[in-house]
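Before any comments, here is the structure.
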Amino acid sequence: MALTTAPDPTRRGTGSVRPPAPRGRIGRIRHGEGLAGYVFLSPWLIGLLAITAIPMLLSLYLSFTNYDILTPWSEVEWVGLANYERMFTNDPSWWHSVRVTLSFALIAVPLKLAAALGVALLLNRAWRGVGLFRGLFYLPSLLGGSVALAIVWVNMFNREGAFNSFLALFGIEGKPWVNDPDWALETLMVLAIWQFGAPMVIFLAGLKQVPTELYEAASVDGASKFRQFVNVTLPMLSPVIFFNLVLETINGFQGFTAAFVLSNGTGGPVDSTLMYTLNLYITGFTELQMGYASAMAWVFLIAIALITAVFFSTGRFWVHYSDGEDR
Amino acid sequence: MHPATSPTSVPDGRTYRTPLLRRRLLRGLLAAVVALPLVGAAAACGDGDDAASDGKVKLSIFWWGGEARAQLTEQALDLYTKKNPDVTFEKVWQANQGYFDKLATLTAGGNPPDIFQIDDNYLAEYAARNATLDLKKYQDSGDLDTSKFPPSLLQYGEVDGKLAGVAAGENTQGLVYNKTLLTKNGLPEPTTGMSWEEHIAWAEQVSKKTKVPGTQDPSADYKAFWVWLRQQGKDLYSGNELGFTAEDATKWFELWKGARDRGATPTPDVIHEGNATDITKQLVVTGKSATSWVWVNQMPELKKNTADELGVIAYPGDPSGQWARASMYWSVFRGSKHAEVAVDVINFLANDPEAVKLLGTDRGLPSNMDLRRVVSDDTTDPAMKQSIEVENKLAETFGEAPQVPIKGHSKVRSELTKAAENAQYGRATPAEAAAQFVEACKAAIAS
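Listed in order, the protein sequences are those of chains U and G.
Read in the numbering used here, the first sequence has 19 at position 19, and its numbers run on one by one without any break.
To convert a position in the second sequence, counted from 1, into the numbering used here, add 1000.
What follows is the structure, given as structure tokens:
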């Protein structure tokens, strides 16, 4: 980090660097605007309570019951930890969906971030029409988890799909990608990776923030382009990489729509696309085991929280903030 | 809202008025935000209570299906309102996909429809949880007239001795084949009563001659498995347990492994495609197989999707393995405030000549045998005529209806698909797949 000794505090405007504003004025403003603030927040606060917090607590309660959605609340039976016990000891398809989800996230997320960073580097230059390309690369992300996109994907990657016709041009015989248990999940990974636009845009913003003086200094010191990338770009970009990594990992774990559409809601063929959330949905809504599904959801929540915590705890070793102190 | 208030004083008053206006606005907003949920709650309360003392009744009714079914059903319900002006309907319908999710959610939310359409995949699930009204009482009192129903069709709505649903139509398993393809190649048509071995041999012959796989491997298809089991003297369920063993399932998977090895079926990925419930993906329609394993009443829909001539027969083996199946039922929610009216509506939909004629065969053959004859004489759609003919012919050979699939059936179905596909893709031997399948089913039923 020798190169970041001369940070420019105005560039990465994090609060702690700026001198605090005079107390009195802020206090008065706060007092007057406090109420207004809460009022404007209230739709969101009420939303948070009514459609997030309360249902979450209910679901926590339900995860200890045998609730099946059709039985009235009054007849719901408390089963203690039975749901959790069943999940860990007696549900092969739960373990299977954990494996599917982990392999999806472990492969798709790094590749997606690599693609996003690679393209962001390419598009970070000022050449003619670069805006158009940025837009084009961003487009798939805008379509996001859309059902339409998943349907397009199915049609592109089945036996008669466009992808196989393309392969045929080179004399390669394709596979029924989406209908082959060995390839269906991989096809979903490709779809996820292809939607790298959102992290790409964030990377682009991060790249714009890297002070050009650093590159000038590095090239004066005789650093090659590669060295500059490793010693300037990556460290300066590490907060953004961190941000994208956390977000995309969570996204990766939550992959649902594409798997649902591709497999007609079954997770097939042979459970190859049985992502955790899809399994949860099937358990809750098709098999009507809402209590068990709630338990699955809570384990999922805790797992994601743990993974995120691990990211944050390792972050201090590789995430650098340019205001001098690494936090 | 701004220009209307007081346009004349705007220039002067602005600096002074703005804070006031803002405060008023904020206060209003706050009030609105606080009040909104209350309004919602009040409306929700109001909904349930409009039993009203003036004798007017509004029944909610929920079904799945397409536009055409919606029109017919709405007309039939309007007819009921015409004859019973005090009764009106809140009609809600949607496509098959997501229907049961919504029904379950509505129920959980304490806002279930009075009358709802349901099928045998879920009837026992709902009945076992006491979500359906037991209609026996009304049947006994004569408010629900089932005297013209085939006995086995009525019996197929009974769960644990209660009448959980009334068949909205009759239907049975059907093997649909591509007639055009066979005639063009000078191949014989399959016939009802062929053994499974004969069927597979026939399919192999078709594959060889036409390059179109002769039959779809239905090993993942619970309805084919079910018929086959019944022909072996077993059943899908027996009481609250499985009606078959791992050995039975092994035999079933081996039967189709043999068929695949002989080239009588398409490759596993194509079979998998055909397992979709979507009618437009049925292999007989997409031209990837000469036959599809469907329900007889799907014939007209299939016909719409192909230019080829289609034929339909019973599944292979002894046709008495098949039964008069309720294609779907009408059920009443146990908590309905207007149970008696709801029962009367169901009775009307099943037995009123005008209503039955209106509804036609959209939900399968009419359950009332007298009216079924009238409707089948009236129908002009050739594909429908054909499926009525087949169904009527099959009806002579029908066996007794099995019990309605038990709680956990949807899991059993998905486990069958998984096991069969494991065998199809060569990831497990038939015996391994069968063992896993039976074990998973037992767990599913027990939980």
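From the three backbone atoms N, C-alpha and C, an ideal C-beta is built for every residue, glycine too.
- Which chain G residues are close to Phe285/U, counting only those with a beta carbon under 7 angstroms from its beta carbon? Asp1101 and Ala1104
- Just by C-beta distance, which residues in the stretch 270 to 300 of chain U are closer than 8 angstroms to chain G? Val270, Asp271, Ile282, Phe285, Thr286, Glu287, Leu288, Gln289, Met290 and Tyr292
- Nonlocal neighbours in the same chain, by C-beta distance under 6 angstroms from Ile307/U, ignoring five residues either side: none
- Check: Tyr1156/G C-beta below 8 angstroms from any heavy atom of the ligand SAM: This structure lacks the ligand SAM; in fact it carries no ligand of any kind.
- Reducing DSSP to helix, strand and coil, say where Ser63/U ends up. coil
- Query: Where does Tyr38/U land, buried or exposed, given buried means 16+ other C-beta within 10 angstroms?
  - Reply: exposed
- Nonlocal neighbours in the same chain, by C-beta distance under 6 angstroms from Glu1415/G, ignoring five residues either side: Phe1437, Ala1440 and Cys1441
- Could you tell me the distance, in whole angstroms, from the CA atom of Ser1195/G to the CA atom of Glu1189/G? 14 angstroms
- Message: What does the alpha-carbon distance come out to for the pair Ala1350/G and Thr1245/G?
- Response: 39 angstroms
- Message: Check whether chain U comes within 9 angstroms of Val1332/G, counting only Cβ atoms and requiring the distance to be less than that.
- Response: no
- Query: Roughly how many angstroms separate the alpha carbons of Asn368/U and Leu149/U, rounded to a whole number?
  - Reply: Outside the modelled stretch of chain U, which goes from 1 to 327, sits residue 368/U, for which no answer is possible.
- Query: Fully enclosed by the stretch 1304 to 1376 of chain G, which alpha helix (DSSP H) runs are 4 residues long or longer?
  - Reply: 1339 to 1351 and 1353 to 1359
- Query: Quick one: is Ser1141/G buried, meaning 16 or more other Cβ sit within 10 Å of its Cβ, or exposed?
  - Reply: exposed
- Query: Which residues, in order along the stretch 1110 to 1139 of chain G, keep a beta-carbon less than 7 angstroms from a beta-carbon of chain U?
  - Reply: Glu1125, Tyr1126, Arg1129 and Ala1131
- Item | Straight-line gap, Leu1154/G to Met275/U (C-alpha atoms, nearest Å) | 40 angstroms
- Message: Check this for me: beta carbons of Gly206/U and Val261/U, under 9 angstroms apart or not?
- Response: no
- Taking only beta carbons into account, state which residues of the stretch 58 to 80 of chain U come closer than 7 angstroms to chain G, listed in chain order. Asp68, Ile69, Leu70 and Thr71
- May I have the straight-line CA-CA distance separating Trp1330/G from Asp1352/G, to the nearest angstrom? 15 angstroms
- Report yes or no: is there a C-beta of chain G within less than 9 angstroms of the C-beta of Ser93/U? yes
- Query: Can we say the stretch 1216 to 1223 of chain G touches the stretch 1270 to 1281 of chain G, given the rule of at least three CB pairs closer than 8 angstroms?
  - Reply: yes
- Throw me the rounded Cβ distance for the Trp298/U and Ser146/U pair, which I believe falls under 8 angstroms. Wrong, their Cβ atoms sit about 28 angstroms apart, outside the cutoff.
- Message: In whole angstroms, give me the CA-to-CA distance for Asn1178/G and Pro199/U.
- Response: 51 angstroms
- Message: Quick check on the DSSP output: the beta strand (DSSP E) that includes Tyr1177/G runs from which residue to which?
- Response: Gln1173 to Asn1178
- Message: Using the three-state DSSP reduction, which class does Ser1195/G fall into: helix, strand or coil?
- Response: coil
- Query: Over what stretch of residues does the beta strand (DSSP E) that includes Leu1059/G continue unbroken?
  - Reply: Val1057 to Trp1064
- Query: Any residues in the stretch 152 to 168 of chain U with a beta carbon nearer than 8 angstroms to a beta carbon of chain G? Which ones, in chain order?
  - Reply: Asn158 and Arg159
- Query: Opposite Leu1229/G in the DSSP bridges: which residues?
  - Reply: Paired residue(s): none; Leu1229/G is not in a bridge.
- Task: Find the nearest neighbour of Met296/U within the set Phe157/U, Tyr281/U, Gly171/U and Ala305/U, judged by alpha-carbon distance.
- Result: Tyr281/U
- Query: How long is the line joining the alpha carbons of Glu77/U and Thr65/U, rounded to whole angstroms?
  - Reply: 5 angstroms
- Query: Whose Cβ in chain G lies nearer than 7 angstroms to the Cβ of Gly268/U?
  - Reply: His1272, Thr1417 and Glu1421
- Query: Alpha carbon to alpha carbon, how far is Leu139/U from Phe104/U?
  - Reply: 23 angstroms
- Query: Cβ of Thr1429/G less than 9 angstroms from any chain U Cβ?
  - Reply: no
- Task: Show which residues of chain U have a CB atom less than 9 angstroms away from the CB atom of Tyr1425/G.
- Result: Asp180, Pro181, Asp182, Pro269 and Val270
- Query: Applying a beta-carbon distance threshold of less than 8 angstroms, which residues of chain U neighbour Thr1107/G?
  - Reply: Ile69 and Leu70
- Query: Assuming Leu123/U contacts Phe133/U under a Cβ cut-off of 8 angstroms, what Cβ separation, rounded to an integer in Å, is found between them?
  - Reply: 6 angstroms
- Item | Alpha-carbon to alpha-carbon, Ile1445/G and Lys1407/G | 7 angstroms
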